[in-house]
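One structure is given here, and the rest of the page talks about it.
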Amino acid sequence: MFVFAPPPPAPRSLVGATARAARLAAVCALTLALAACKSPPPPSPATASSSATGASPPPTGADAAHVARADASPCVDVPCETFARPEEAVAALLSKGPRVMAFGEAHAQKDGPGGPSTTKRFTDGLLPLFKGKATDLVLELWVANGSCGKKTEQKVAQQQKAVAAPQAASNQNEFVTLGAAAKAAGIRPHVLTPPCEDYLRILDAGGGDVDQMLSMIARLTASDIGKFLDLTAGKDSLLIAYGGALHNDVVPKKGHESWSFGAELTRKLGAKYMEVDLVVPEAIRETDAWRSLAWHGKFVRERQGDRAVLMTVGPSSYVIFFPPRAASADAGRD
């Protein structure tokens, strides 16, 4: 997702508290069709634990990860673990000691299944895991710097409206809420502030404006994360990023390499960079967009049961499937 908003008080500011967050005026989120540009998965490492290979040790407790039998696993031909709660899946990834965890989602749609969105689930359930662990959060919020001219910024905002049209009206506020929650947890939230040159490129691109926007977001995010890595060199500091399930790709689709910062960070960090996509099972549809995702055909929803699923799609590339909604509601009543 990316959000166009009026300029913040400072040229390069953080997402502030609720009063300041309310100044964000309009949303432009990538549609699921754009998120579907993920590339086929790279080969899984031979040493990864998998229900297909039987390489994983058995679970040691009721709340430990479960590696399902091959005939009952919710994953096909890829390493797969199940957990009682999605928080445990994230904790398992955290135990690997990443420097950057880039979370991606399929943005909530107006005609979606209802219930809590992926963003809300992350804010309420997963973000607290990073308190005291992560120092910074880069949000895919695009904020105007105010120096590019009001007419220019308004024209770019108009060009984004068609892209945002299918999105749920709550998306913008939920991203802002995530930024505020991060700040409250002691995690510094950062937004993207494009230079004026990018506005001009978008306006000059005509029908290619979406490509320009996607490339810009990946470049600005990579730049912000790069600055964080330089400032924390030699330390174990952790940064998290949150946005659409497109820009974090370890292996972008051929021809759209500029849309992702994942490949660049993987070259820099290796396994210390993690692409982690978050999926609400009820939102999955049998459309070309969903079928083109790297994990499609490898996840068997009917075998998920009431557990969260952690799938290893490839080196440094993971997907967490939230428990079905009914199971989540039952757990909340316990």
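Each residue of the sequence shown is one higher than the last, beginning at 81 in our numbering. Each residue gets a CB set at the ideal place from its N, CA and C atoms; glycine is no exception.
Three-state secondary structure assigned by DSSP to Ser303
Your numbering for residue 303 matches position 223 in the sequence shown. In this structure, Ser303 counts as helix in the three-state DSSP scheme.
Per DSSP, what kind of secondary structure is Asp329 in: helix, strand or coil?
If you number the sequence shown from 1, residue 329 lands on position 249. Looking at Asp329 - three-state DSSP - the assignment turns out to be coil, as it is neither helix nor strand.
When DSSP labels each residue in this structure, what does Phe202 get in the three-state scheme?
For this step, residue 202 is matched to residue 122 along the sequence shown. In the structure shown, Phe202 sits in a helix (DSSP, three-state: H, G or I).
Simplified DSSP state of Asp357, which is helix, strand or coil
Working through the sequence shown from its first residue, we reach residue 357 at position 277. In this structure, Asp357 counts as strand in the three-state DSSP scheme.
To the nearest angstrom, how far is the alpha carbon of Pro274 from that of Pro395?
The count along the sequence shown starts at 1 and reaches residue 274 at position 194. The count along the sequence shown starts at 1 and reaches residue 395 at position 315. The alpha-carbon atoms of Pro274 and Pro395 are separated by roughly 31 Å.
Sheet register partners of Ala388 (DSSP bridge)
Indexing the sequence shown from 1 puts residue 388 at position 308. In DSSP, Ala388 forms a bridge with Phe163.
Below 8 Å on the Cβ atoms is my guess for Leu219 versus Phe255; work out the distance and round it to an integer in Å.
On the sequence shown, position 139 is the one that residue 219 refers to. On the sequence shown, position 175 is the one that residue 255 refers to. The pair is a contact, with the Cβ atoms about 6 Å apart (cut-off 8 Å).
I want to know whether the stretch 208 to 225 touches the stretch 366 to 385 - three or more CB-CB distances under 8 Å.
no
Compute the beta-carbon to beta-carbon distance between Ile297 and Val180, rounded to the nearest angstrom, for a pair I have assumed lies under 8 Å.
The sequence position of residue 297 within the sequence shown is 217, counting from 1. The sequence position of residue 180 within the sequence shown is 100, counting from 1. Contact doesn't hold; Cβ gap of about 16 Å is too wide.
For the structure I just gave you, are there three or more beta carbon pairs, one from the stretch 192 to 202 and one from the stretch 331 to 340, closer than 8 Å?
no
Could you check whether Pro178 and Tyr353 sit closer than 8 Å to each other, using their CB atoms as the reference points?
Working through the sequence shown from its first residue, we reach residue 353 at position 273. Working through the sequence shown from its first residue, we reach residue 178 at position 98. Yes, they are a contact pair.
Identify, in the order they occur along the chain, each residue of the same chain with its Cβ nearer than 6 Å to the Cβ of Phe308, setting aside the five sequence neighbours on each side.
As a working note, residue 308 is residue 228 in the sequence shown. Within the same chain, Phe308 has close Cβ partners Asp216 and Leu319.
For the beta strand (DSSP E) that Leu349 lies in, which residues bound it at each end?
Sequence index remark: in the sequence shown, residue 349 carries index 269 (1-based). Not the beta strand (DSSP E): Leu349 falls in the alpha helix (DSSP H), residues Gly342 to Leu349.
Inter-residue spacing [alpha-carbon to alpha-carbon] between Ala313 and Ala302:
Translated into positions along the sequence shown, residue 313 becomes position 233. Translated into positions along the sequence shown, residue 302 becomes position 222. Roughly 16 Å separates the two Cα atoms.
Buried or exposed by the 16-neighbour rule on C-beta atoms within 10 Å, applied to Gln234:
As a position in the sequence shown, residue 234 is number 154, starting the count at 1. Exposed is the call here.
What did DSSP end up calling Cys155 once you bin it into helix, strand or coil?
Reading the sequence shown from its first residue, position 75 is the one you call residue 155. The answer is strand: DSSP assigns Cys155 an E or B state.
Is it the case that the Cβ atoms of Ala186 and Val359 are separated by a distance below 8 Å?
Counted from its first residue, the sequence shown places residue 186 at position 106. Counted from its first residue, the sequence shown places residue 359 at position 279. Yes. Within cutoff.
Neighbour-count burial assignment, Arg387, 16 or more Cβ in a 10 Å radius:
Here residue 387 corresponds to residue number 307 of the sequence shown, with the count starting at 1. It is buried - the Cβ of Arg387 has at least 16 other Cβ atoms within 10 Å.
Assuming Leu272 contacts Leu326 under a Cβ cut-off of 8 Å, what Cβ separation, rounded to an integer in Å, is found between them?
By 1-based counting over the sequence shown, the position of residue 272 is 192. By 1-based counting over the sequence shown, the position of residue 326 is 246. Incorrect: roughly 15 Å between the Cβ atoms, too far for contact.
Where does Ser295 land, buried or exposed, given buried means 16+ other C-beta within 10 angstroms?
To locate residue 295, count along the sequence shown from 1; it is residue 215. Per the 10 Å Cβ criterion, buried.
Quick one, are the C-beta atoms of Thr232 and Tyr279 less than 8 Å apart?
Numbered from 1 along the sequence shown, position 152 holds the residue referred to as residue 232. Numbered from 1 along the sequence shown, position 199 holds the residue referred to as residue 279. It is a contact, given that the beta carbons lie within the stated cut-off.
For Ile282, the three-state DSSP class (helix, strand or coil):
Residue mapping note: residue 282 aligns to position 202 of the sequence shown, counting from 1. In the structure shown, Ile282 sits in a helix (DSSP, three-state: H, G or I).
Looking at the secondary structure, which residues open and close the beta strand (DSSP E) in which Ala313 lies?
Translated into positions along the sequence shown, residue 313 becomes position 233. Where Ala313 is concerned, there is no enclosing beta strand (DSSP E), given that its DSSP letter is neither H nor E.
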